[in-house]
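Numbering (this note's numbering), first residue to last: 2 to 224.
Here a beta-carbon is modelled for each residue, glycine too, at the ideal position from N, C-alpha and C.
The structure under discussion appears below in the form of structure tokens.
So, in structure tokens, the structure goes:
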């Protein structure tokens with residue numbers, strides 16, 4: 002996993018007879034480099050920081066210090082001939098940090114609106130977060146991400162059904178993919194960012210959708 006920037010060496014010149022200028026042109030790196038800014042938005046303690054750290058550093062800690070303001074991390078991946086750097090911005094969920102929302106939302110390619118699957122109040126808050134963030138960025142691709150699926154899985158069936166139904170309703174209204182994930186159990190973390198890439202570049206993904214209540218929902222194809 003590569004969370005830093007690396008200089009890419011150009012391909013060796015195969016056209017020796019075209020002179021020095023042509024040789025220098027051939028040494029220009031042929032890889033495309035793209036930066037995708039992704040904003041993580043939602044109430045405090047829903048797992049925004051842990052999702053970011055899990056994706057970038059592949060580690061999970063039960064205890065995270067509450068984000069004061071904005072966190073920022075990067076991870077670079079290579080897909081075919083393109084180097085993609087995810088620039089991930091994590092906004093503290095307390096009300097006093099709302100004034101920093103423009104930092105996170107502006108110029109983002111995707112906005113992950115996150116809620117805790119085991120706390121329905123955090124899902125209810127998504128309406129306000131969505132409205133405010135859209136005021137700063139109307140073009141970013143929205144995602145609705147339910148966290149702590151491992152805790153949600155232990156809830157009574159009726160409660161799981163109610164939360165899933167409401168989340169599907171919100172995702173439909175937002176025209177957003179809906180993903181349930183767990184950082185501690187490593188469920189659907191990588192898939193979130195694969196779907197971000199597929200939506201950003203209009204690529205087809207072969208990841209099967211998961212639609213049944215009680216399972217880690219993954220709905221993205223029809224939005």
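Proximal residues to residue i (C-beta, below 8 Å), its chain only, five neighbours per side dropped
i, result
"residue 107", "137 and 138"
"residue 157", "none"
Spatial neighbours of residue i in its chain, beta-carbon cut-off 7 Å, leaving aside the 5 residues before and after
i, result
"residue 214", "161, 162 and 165"
"residue 69", "93"
"residue 72", "50, 53 and 91"
"residue 169", "179"
"residue 98", "70 and 92"
"residue 211", "217, 218 and 219"
Per DSSP, the bridge partner or partners of residue i
i, result
"residue 125", "Residue 125 pairs with nothing; no bridge assigned."
"residue 88", "38 and 75"
"residue 70", "The partner list for residue 70 (beta bridge, DSSP) is empty, contrary to what the question assumes."
"residue 211", "219"
"residue 181", "147"
"residue 297", "Nothing can be reported for residue 297: it is not among the residues displayed for the chain, which extend from 2 to 224."
"residue 1", "For the chain, the structure presents residues 2 to 224; residue 1 sits outside this window and is missing."
Closest residue to residue i among the options (Cα-Cα distance)
i, options, result
"residue 144", "50, 135, 180 and 156", "180"
"residue 182", "35, 170 and 47", "47"
"residue 39", "142, 220 and 54", "142"
"residue 216", "198, 206 and 189", "189"
"residue 54", "78, 90 and 34", "90"
"residue 187", "45, 43 and 58", "58"
"residue 84", "222, 36 and 201", "36"
"residue 60", "191, 155, 156 and 97", "191"
"residue 202", "126, 80, 208 and 121", "80"
"residue 140", "177, 78, 122 and 98", "177"
"residue 148", "159, 158, 173 and 121", "121"
"residue 204", "210, 222 and 211", "222"
Beta-carbon gap between residue i and residue j smaller than 8 Å
i, j, result
"residue 153", "residue 118", "yes"
"residue 110", "residue 92", "no"
"residue 185", "residue 129", "no"
"residue 224", "residue 193", "no"
"residue 225", "residue 196", "The structure shown does not extend to residue 225, since the chain spans only 2 to 224, so no value can be given for it."
"residue 115", "residue 41", "yes"
"residue 124", "residue 171", "yes"
"residue 131", "residue 74", "no"
"residue 126", "residue 62", "no"
"residue 134", "residue 112", "yes"
Three-way DSSP call (helix, strand, coil) for residue i in this model
i, result
"residue 147", "strand"
"residue 99", "helix"
"residue 165", "helix"
"residue 111", "strand"
"residue 83", "strand"
"residue 136", "helix"
"residue 187", "coil"
"residue 118", "coil"
"residue 194", "helix"
"residue 224", "coil"
"residue 52", "helix"
"residue 22", "Its pLDDT being 49, under 50, residue 22 is placed unreliably by the model, and nothing is read from it."
Proximal residues to residue i (C-beta, below 6 Å), its chain only, five neighbours per side dropped
i, result
"residue 199", "206"
"residue 8", "Only weak support is given to the placement of residue 8: the predicted model assigns it a pLDDT of 34, under 50, and the question is left unresolved by the model."
"residue 33", "83"
"residue 78", "85"
"residue 173", "none"
Residue i Cβ short of 7 Å to the ligand SAH heavy atom set
i, result
"residue 149", "Looking at this structure, you won't find the ligand SAH or any other ligand, since it has none at all."
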